[in-house]
Structure formats: C-alpha cells, structure tokens
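K.L.:
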Amino acid sequence: MSQSHVFVTRRIPQPALDLLREHFSVSVWDDLAPVPREVLLREAAQAEGLLTMLSDRVDATLLAAAPRLRVVANMAVGYDNVDVHALTQRGVLLTNTPDVLTEATADLAWALLLAAARRVVEGHKVVEAGRWETWHPFYMLGQEVYGATLGVVGAGRIGAAVMRRALAFHMRVQYYSRRRVPQLEAALGATHCPFDELLRSSDFIVVTVPLTEETRGMFGAREFALMKDTAVFVNVARGGVVNEEALLEALRRGRPWAAGLDVFAVEPTPKDNPLLALPNVVATPHIGSATLRTRTAMAMLAARNLVAVLHGQPPLTPVNVEVLAARTSNPGA
Ligand code: DGY
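Going letter by letter, the sequence shown gives residues 47 to 379 in the working numbering.
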C-alpha cells in the first residue's frame, strides 16, 4: 500500500517530524518564515494531510488545489486562519492543539499582567537609558495586584488557568462567558458576571476568547470607556477581538490605565503601530505558547492527529466533528 503524503508548512520540533516520517512520505517547508502561498498551493496538490500554522490561510482556494486532502492539523488551539465551513463541506477534517498550550499561555498572560501593572518594561527602559535619577515615594507607581479583582473574558481552558493563578494573589475572580461554568465557580470561587459589569468592576481584564464572528471587535470605544481608569487590559487571544484604534485612544486618555498585548490585528505588527510608542503598553510578539516543551507538545499532537486520521482512526482533537460523524456513517467517503 502506498504511503500517504503529508506537507508540513514550517520547520517544527524534530520528534513530531520523526513521527510523521515513520508513517508517511513527508515534505516540509524547512524554514522559520512562512511558506509562500504558491508553494503551499503546489504542495497541497499532492497531500492527503497538511500540518499548518496559524499564519497559513486554509481556505476554499487551497481546498480547490488539494483534491486528495483528507485532514488539516493546525498547530494551534485557535483556527481563525481556517475556513472551517469550506473544509466541512469538502469532508476534510480539521484538528487543533488544545490543552497542551494552556499553562504556557496562562503564564504569559500573567507575565503581561504583572509587567503592565508594575511598569516593568517602562522601568527597564529608564534604567537602561541612564534616566534613573532618584527614588521618591511617588516614583513609578503601579497598580497593586495582590487582593485586586480579576475579570477574565472567556472561560475555556486558558481562561480557567489564568483564574487559577489568581488564587495565589488572593484576588477576587470573576469571569464572563456566554455560559456559566459551575465547575469554575465551585473550584475557584469565581463568579459569573455580565460583560459590562465585569468591565466596570475589574482591576485586571484578561481576554482569552477565540476569534469568531461574534467576538471580532468585541472591545471597542464603548467597552474601554466602561473600564476603571486604573484598570489593566491584557489580550492573549487574538488581535481581531480588539479595535486597535479605539484601544489607542482609550490608553491615551488613561482608561484603561495600561495594556499588555501578545496579539495584534496584523501580525507581525508594524514597528510604527502607535500603540508601541505608548509607555503604558507592554507588547510581546504572539508568544503565548512559546516554550520548547509546549511547542513540541503542540507539534506532536498535530502529528498524532495526522497519523490517526490517515490510518482511518478518529483524531485526538477534532474541530469539525460533523465530518467524523459523516465518515463513520459512510466509511467509503
Ligand atoms: C494558538 O494556539 O492559537 C496560539 O495563539 C498559538 O500560540
């Protein structure tokens, strides 16, 4: 029986590549920069499986170029780079990488929260530039984290992990999501809160929702105006959840007081993004899941999903389960 062919759109941790090579003929865009679109389309033409990154657009054009494609394993928990509907229509399975990146991403959310609250980057720049002239009782005052109120928007795995960390800081924890999550309330003492109320009453607001049509632009001028003038806003979800111009204006006016941003509307965000010039913004380059252990786990999960699907087994972490159901009822499909 001939081996299935898999195309991997970026250099990935070796153990995942080794696993794929045990099972398939594999070609790799062996580079740290994204695969050019024309190469992706050309490679997809031969592939039964693709291992993609969040920067690869997986859409109807790609599907049209990939007649043999059966599965796309996206190496990310988010899949806003994928036209899920188009895949489902074509009977192509999509998988993602939940769970394995939860803790690393929650750590980064906290790194941004603490850095923005206590002006760590601004302070570093002052010291580095030799502008540290004195110590006085009002010098570089930040926001107190211990005992404050944390509001988490989105109560999925990452949101829950962010909330869990807050217990060590003796914070009052509240969350907003469409549905209440009684387990969170029981385990962490978190309270479910209407969106506007959370914005009004939280000292720290951390965004962890996926980017969907519903969440696109959910933070705009109205939402920032509801926040406290001492609030710190942290986004580790997707840039598209925030209206960046509105955030810029809001930060200039001092409400919210500061922001920690790991994600941007356009990535990489250009150097002249005016947000980056504000002293009350701490920015990182979409590194929520960026530890070697987590990236290896993500790549391994994506590879295992490809192995399962291309050997006729259900994937570990499917997104469009409808395709799975259709295949089970019609195994020849
Ligand atoms: C994800 O998995 O969606 C993250 O944003 C990648 O780091």
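Beta carbons: idealized from backbone N, C-alpha and C, even for Gly. All values derive from a computational prediction rather than experimental measurement.
Tell me the rounded alpha-carbon separation between Ser48 and Ala283.
P.N.:
Against the sequence shown, residue 48 aligns to sequence position 2. Against the sequence shown, residue 283 aligns to sequence position 237. Rounded to the nearest angstrom, the two C-alpha atoms are 41 Å apart.
K.L.:
Do Leu140 and Val365 come within 8 Å of each other at the CB atom, strictly closer than that value?
P.N.:
Along the sequence shown, read from residue 1 onward, the residue named residue 365 stands at position 319. Along the sequence shown, read from residue 1 onward, the residue named residue 140 stands at position 94. Their beta carbons are under 8 Å apart, which means Val365 touches Leu140 by this criterion.
K.L.:
Whole angstroms is fine: what's the gap from Trp221's alpha carbon to Leu115's?
P.N.:
Residue mapping note: residue 221 aligns to position 175 of the sequence shown, counting from 1. Residue mapping note: residue 115 aligns to position 69 of the sequence shown, counting from 1. In the sequence on display, residue 221 carries Tyr and not Trp. If you take the alpha carbons of Tyr221 and Leu115, they lie about 40 Å apart.
K.L.:
For Val327, which option in Thr337, Ala336, Pro314, Phe279 has the closest C-alpha, if you only look at C-alpha atoms?
P.N.:
Translated into positions along the sequence shown, residue 327 becomes position 281. The shortest C-alpha separation from Val327 is found at Phe279.
K.L.:
Beta-carbon within less than 6 Å of Thr261's beta-carbon, same chain only, minus the 5 sequence neighbours each way: which residues are those?
P.N.:
Walking along the sequence shown from the start, residue 261 turns up at place 215. Within the same chain, Thr261 has close Cβ partners Val255, Val287.
K.L.:
Thinking Val199 and Ala163 are a contact (beta carbons under 8 Å), I'd like their distance in whole angstroms, please.
P.N.:
Position 153 of the sequence shown, counting from 1, holds the residue named residue 199. Position 117 of the sequence shown, counting from 1, holds the residue named residue 163. The pair is not a contact, with the Cβ atoms about 18 Å apart (cut-off 8 Å).
K.L.:
Quick one: using the 10 Å Cβ neighbour count with 16 as the cut-off for buried, is Thr374 buried or exposed?
P.N.:
Numbered from 1 along the sequence shown, position 328 holds the residue referred to as residue 374. Counting Cβ neighbours within 10 Å, Thr374 comes out exposed, since fewer than 16 surround it.
K.L.:
Please tell me whether Leu245 and Met217 are closer than 8 Å, where the distance is taken between their beta carbons.
P.N.:
By 1-based counting over the sequence shown, the position of residue 245 is 199. By 1-based counting over the sequence shown, the position of residue 217 is 171. In this structure, Met217 does not lie closer than 8 Å to Leu245 by Cβ.
K.L.:
Which runs of the beta strand (DSSP E) spanning at least 3 residues fall entirely within the segment 310-356, listed in chain order?
P.N.:
You should have 327-329.
K.L.:
Is the segment 127-143 close to the segment 298-310, with three or more CB pairs under 8 Å?
P.N.:
With the cut-off at 8 Å, the segment 127-143 and the segment 298-310 do not touch.
K.L.:
Output the distance between the C-alpha atoms of Asp249 and Val118, rounded to the nearest integer angstrom.
P.N.:
The residue labelled residue 249 in the question sits at position 203 within the sequence shown. The residue labelled residue 118 in the question sits at position 72 within the sequence shown. Cα to Cα, Asp249 sits roughly 40 Å from Val118.
K.L.:
What are the boundary residues of the alpha helix (DSSP H) that Val369 is part of?
P.N.:
Working through the sequence shown from its first residue, we reach residue 369 at position 323. Run containing Val369: 367-375, per the alpha helix (DSSP H) assignment.
K.L.:
Which two residues bound the contiguous alpha helix (DSSP H) that contains Gly205?
P.N.:
Here residue 205 is taken as the residue at index 159 of the sequence shown, counted from 1. Looking at the DSSP string, the run of the alpha helix (DSSP H) that includes Gly205 is 203-212.
K.L.:
Within this structure, are the beta carbons of Thr237 and Glu243 separated by less than 8 Å?
P.N.:
Reading the sequence shown from its first residue, position 191 is the one you call residue 237. Reading the sequence shown from its first residue, position 197 is the one you call residue 243. Their beta carbons are not under 8 Å apart, which means Thr237 does not touch Glu243 by this criterion.
K.L.:
Is Ala90 near the ligand DGY - that is, is its Cβ less than 7 Å away from at least one heavy atom of it?
P.N.:
Start at 1 with the first residue of the sequence shown, and residue 90 comes out as number 44. No, the Cβ of Ala90 stays beyond 7 Å of every heavy atom of the ligand DGY.
K.L.:
Comparing the CB of Ser335 with every heavy atom of the ligand DGY, is any distance shorter than 7 Å?
P.N.:
Taking the first residue of the sequence shown as position 1, residue 335 is located at position 289. Yes, Cβ of Ser335 sits closer than 7 Å to a heavy atom of the ligand DGY.
K.L.:
Based on the DSSP secondary-structure assignment, which residues constitute the bridge partners of Ile58?
P.N.:
Your numbering for residue 58 matches position 12 in the sequence shown. In the DSSP output, where bridge partners are listed per residue, Ile58 has none listed.
K.L.:
Does DSSP put Leu159 in a helix, a strand or coil?
P.N.:
Position 113 of the sequence shown, counted from the start, is the residue given in the question as residue 159. Helix.
K.L.:
So, helix, strand or coil for Arg177, using DSSP?
P.N.:
Within the sequence shown, the letter at position 131 stands for residue 177. It is coil, neither helix nor strand.
K.L.:
Report the option in Ala292, Arg350, Met344, Arg57 whose CA atom is closest to the CA atom of Glu269.
P.N.:
As a first step, residue 269 is located in the sequence shown; it is residue number 223 there, counting from the start. Per the Cα distances, Ala292.
K.L.:
Do the segment 144-161 and the segment 293-307 meet, that is, are 3 or more Cβ pairs less than 8 Å apart?
P.N.:
Contact holds: three or more Cβ-Cβ distances are below 8 Å.
K.L.:
How many angstroms separate the CA atom of Ile251 from the CA atom of Gly197?
P.N.:
Position 205 of the sequence shown holds residue 251. Position 151 of the sequence shown holds residue 197. Each residue's alpha carbon lies about 5 Å from the other.
K.L.:
Considering only heavy atoms of the ligand DGY, does any lie closer than 7 Å to the CB of Leu100?
P.N.:
Sequence index remark: in the sequence shown, residue 100 carries index 54 (1-based). Within the cutoff, so yes.
K.L.:
What residues in its chain sit with their C-beta under 7 Å from that of Gly124, if we drop five residues either side in the sequence?
P.N.:
Indexing the sequence shown from 1 puts residue 124 at position 78. So the list reads Leu100, Pro256, Leu257, Arg284, once near-sequence residues are dropped.
K.L.:
How big is the Cα-Cα spacing for Ser73 and Asp275?
P.N.:
The sequence position of residue 73 within the sequence shown is 27, counting from 1. The sequence position of residue 275 within the sequence shown is 229, counting from 1. Each residue's alpha carbon lies about 52 Å from the other.
K.L.:
Among Val138, Ser247, Glu290, whose alpha-carbon lies nearest the alpha-carbon of Gly263?
P.N.:
Position 217 of the sequence shown, counted from the start, is the residue given in the question as residue 263. Checked all of Val138, Ser247, Glu290; the closest Cα to Gly263 is Glu290.
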